[in-house]
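Okay, structure first, notes after.
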Amino acid sequence: MAYQLYRNTTLGNSLQESLDELIQTQQITPQLALQVLLQFDKAINTALANRVRNRVNFRGSLNTYRFCDNVWTFVLNDVEFREVTDLVKVDKVKIVPNCFCSLVGHTTECTLAVWPCLQMFLNSLTLISSDL
Amino acid sequence: MASSANSNQVPNLYRSVIEDVIGEVRELFLDEGVDEQVLMELKTLWENKLMQSKAVEGFHTDEQKALQAQQQQAQQVQQTQTQTQPQQILLPSAQQPTQQQVIVQDSKILHHMSATGMSAAATAATLALPAGVAPFQQLITPQGQILQVVRAANGAQYFIQPQQQMVLQQQVLPHMQPGGVQVLTPLQGGLSQQTGVIIQPQQIVLTGNKVPQNTQVMQATAMTVQPEQGAAHVQAQPQPQPQAQAPQQQPQQQPQQQQASQQPPMVLQVDGAGDTSSEEDEEEDEYDEDEDEDKEKDGGEDGQVEEEPLNSGDDVSDEEDQELFDTENVVVCQYDKIHRSKNKWKFHLKDGIMNLNGRDYVFSKAIGDAEW
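Sequence lines, in order, name chains A and B. In short: position in the first sequence from 1, add 301, done, that's this note's numbering. In short: position in the second sequence from 1, add 1, done, that's this note's numbering.
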């Protein structure tokens, strides 16, 4: 089971769109499309882990931060991304780092000061239902 | 350079991912009883979308697309010109061969290949004089390759993307000379062996052979390009173009261009997304400059690199990026550690894919600082 977070990338989105088109023309089943996506998840995770070997630094100002359901979302402004000789500046960027424990389960590294919002919501539901 | 390294890395990475995925799901497809054809279609669709996104360049896509376009054209083309040689050379483009655009002027056949000796073969091979093919738009891929959107008289649009060396060729031919399509045939080593597409009138011929003569081709293209107007109405002109023109090539390109300009102006249809006429004008005159610019965009020299990718609101921004992309720059990755101290945040990220200013980047590690 690999992370599905790479589905929302150019590569992942184009694959999903292509699969959707094939589903609409009934050339493949949604089931098969799902299998393809799962395969994609594996492939992209492996590729990134093994085939990419470069480092990037960045600096900017943090506009907002959110941590919900073990997923952080940051919005930064006026960011400079720096690679060895490259420099990319953007005025607004959203970073969505996914935590390793989102699939495996909680680990100590993932314990953070902020409670996952979803978890709190679920907790509250449980309390309510138990009263009934 | 790192930037170019990254931009070189990304397409290869994507391509390898695509190959992996397609390879893995082949079995799944067969198990479900789905035809291999559908799998190929999936791959094509996928690559096409990647190419269209302009976040990355995809060689496969272009070739396939060119071939498809060519095939379509072949069916539709009516040979109105006497000189039209009913030769359509469809050469399966190998994945890596450079593609060259073949542009044939209806009234004149430009054979740029002659310089390399291919002209003879090229001449023989090319002649598709499309009645109204006129490239009217060029898109520049991240790696500086120019995609030409050629609009045939019959309204079909084709993307011509020369690979690699062909960047130079990209000059959009804003005007097909009336009655003809300008086809450059950079065929090397014989037609049959060349990969290319030759489109008869109303077709665009693409050849996928590697042509060390890019410059020549470009010149030819430049020559033929006439930034005149509007829609590409190429009036078929039954002007027999002797293949003898092929040898003329470069020396004649300019005179040809002049002649072409004298011909009835073609209405060039400008796609709303692109300001083709101006681009074409510039391109005609400044092929080299454009090429250089493209290369710089990809991260050529340091000084240039800083200018191009800079797209913050305060800086001189690339209009294209803003207009066309309007991207929300997103980074999708995993994190090793997120640390905060008062309002100082530190990020330790890994294995990420970024889409910045419309382009894709990847990293294995990223470290960042931000203040809230």
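Cβ atoms here follow ideal geometry from the backbone N, Cα and C, with glycine treated the same way.
Alpha carbon of residue i to alpha carbon of residue j, nearest angstrom
i: valine 39 of chain B; j: glutamate 25 of chain B; result: 14 Å
i: tryptophan 47 of chain B; j: isoleucine 368 of chain B; result: 32 Å
i: valine 184 of chain B; j: threonine 310 of chain A; result: Residue placement at valine 184 of chain B is flagged as unreliable, the pLDDT there being 39, under the threshold of 50; the coordinate-derived value follows with that caveat. Whole-angstrom Cα-Cα distance: 37 Å.
i: valine 331 of chain B; j: arginine 367 of chain A; result: 15 Å
i: glutamine 73 of chain B; j: phenylalanine 341 of chain A; result: 32 Å
i: asparagine 9 of chain B; j: valine 391 of chain A; result: 21 Å
i: glycine 353 of chain B; j: leucine 316 of chain A; result: 18 Å
i: serine 54 of chain B; j: leucine 312 of chain A; result: 10 Å
i: asparagine 364 of chain A; j: alanine 348 of chain A; result: 32 Å
i: threonine 326 of chain A; j: arginine 308 of chain A; result: 22 Å
i: aspartate 387 of chain A; j: isoleucine 329 of chain A; result: 42 Å
i: valine 385 of chain A; j: aspartate 370 of chain A; result: 34 Å
i: proline 175 of chain B; j: valine 268 of chain B; result: Residue confidence is low: proline 175 of chain B scores 43 on pLDDT, short of 50, so the model does not pin down where it sits. Its coordinate-derived value is still stated next. When rounded, the distance between both Cα atoms is 9 Å.
i: asparagine 314 of chain A; j: leucine 29 of chain B; result: 21 Å
i: isoleucine 396 of chain A; j: glutamine 71 of chain B; result: 42 Å
i: leucine 339 of chain A; j: phenylalanine 348 of chain B; result: 28 Å
i: isoleucine 345 of chain A; j: arginine 360 of chain B; result: 18 Å
i: methionine 355 of chain B; j: alanine 75 of chain B; result: 41 Å
i: arginine 341 of chain B; j: arginine 383 of chain A; result: 21 Å
i: serine 365 of chain B; j: leucine 320 of chain A; result: 28 Å
i: valine 11 of chain B; j: valine 57 of chain B; result: 7 Å
i: threonine 374 of chain A; j: glutamate 37 of chain B; result: 40 Å
i: glutamate 329 of chain B; j: asparagine 351 of chain A; result: 27 Å
i: leucine 306 of chain A; j: valine 389 of chain A; result: 23 Å
Beta-carbon gap between residue i and residue j smaller than 8 Å
i: methionine 18 of chain B; j: valine 337 of chain A; result: It should be noted that the sequence gives valine, not methionine, for residue 18 of chain B. Against a cut-off of 8 Å, the Cβ pair of valine 337 of chain A and valine 18 of chain B comes out as no contact.
i: proline 331 of chain A; j: cysteine 334 of chain B; result: no
i: tyrosine 336 of chain B; j: leucine 357 of chain B; result: no
i: lysine 338 of chain B; j: glutamate 372 of chain B; result: no
i: leucine 43 of chain B; j: tyrosine 15 of chain B; result: no
Nearest residue (CA-CA) to residue i, options the options
i: valine 376 of chain A; options: A:Asp370, A:Cys369 and A:Val394; result: A:Val394
i: arginine 27 of chain B; options: B:Met41, B:Ser54, B:Asn344 and B:Leu51; result: B:Met41
i: isoleucine 324 of chain A; options: A:Leu388, A:Ala334 and A:Leu312; result: A:Ala334
i: asparagine 378 of chain A; options: A:Asp370, A:Ser362 and A:Val372; result: A:Ser362
i: glutamate 318 of chain A; options: B:Thr45, B:Val11 and B:Asn13; result: B:Thr45
i: asparagine 13 of chain B; options: B:Leu29, B:Gly353, B:Glu372 and B:Val363; result: B:Val363
i: tyrosine 304 of chain A; options: A:Ile329, A:Leu320, A:Glu322 and A:Val372; result: A:Val372
i: glutamate 381 of chain A; options: A:Ala350, A:Thr374, A:Asp370 and A:Arg360; result: A:Arg360
i: glutamate 20 of chain B; options: A:Asp321, A:Glu322 and A:Lys343; result: A:Lys343
i: lysine 343 of chain B; options: B:Ala75, B:Asn49, B:Asp370 and B:Glu329; result: B:Asp370
i: asparagine 49 of chain B; options: A:Arg383, A:Leu306 and A:Glu322; result: A:Glu322
Worksheet entry | At least three beta-carbon pairs within less than 8 Å, the segment 355-362 of chain A to the segment 32-49 of chain B | Judged by Cβ distances under 8 Å, the segment 355-362 of chain A makes no contact with the segment 32-49 of chain B, as fewer than three pairs qualify.
Fill in: Within 8 Å of chain A by C-beta, residues of the segment 20-34 of chain B in sequence order
Of all residues in the segment 20-34 of chain B, Asp21, Val22, Glu25, Val26, Leu29, Phe30 and Glu33 have a Cβ within less than 8 Å of some Cβ in chain A.
Practice prompt. Give the residues from the segment 345-358 of chain A that approach chain B closer than 7 Å (Cβ to any Cβ), ordered along the chain.
Written response: Residues Ile345, Ala348, Leu349, Ala350, Arg352, Val353, Arg354, Asn355, Arg356, Val357 and Asn358.
Worksheet item: Using a Cβ cut-off of 8 Å, which residues of the segment 382-400 of chain A contact any Cβ in chain B, in chain order?
Response: Among the residues of the segment 382-400 of chain A, those with a Cβ less than 8 Å away from any Cβ of chain B are Phe382, Glu384, Val385, Thr386, Asp387, Leu388, Val389, Lys390, Val391, Asp392, Lys393, Val394, Lys395, Ile396, Val397, Pro398, Asn399 and Cys400, in the order of the chain.
Item to complete: Note down, in chain order, all residues in the segment 327-344 of chain B with a beta-carbon under 7 Å from any beta-carbon belonging to chain A.
Response: Of all residues in the segment 327-344 of chain B, Glu329, Asn330, Val331, Val332, Val333, Cys334, Gln335, Tyr336 and Ile339 have a Cβ within less than 7 Å of some Cβ in chain A.
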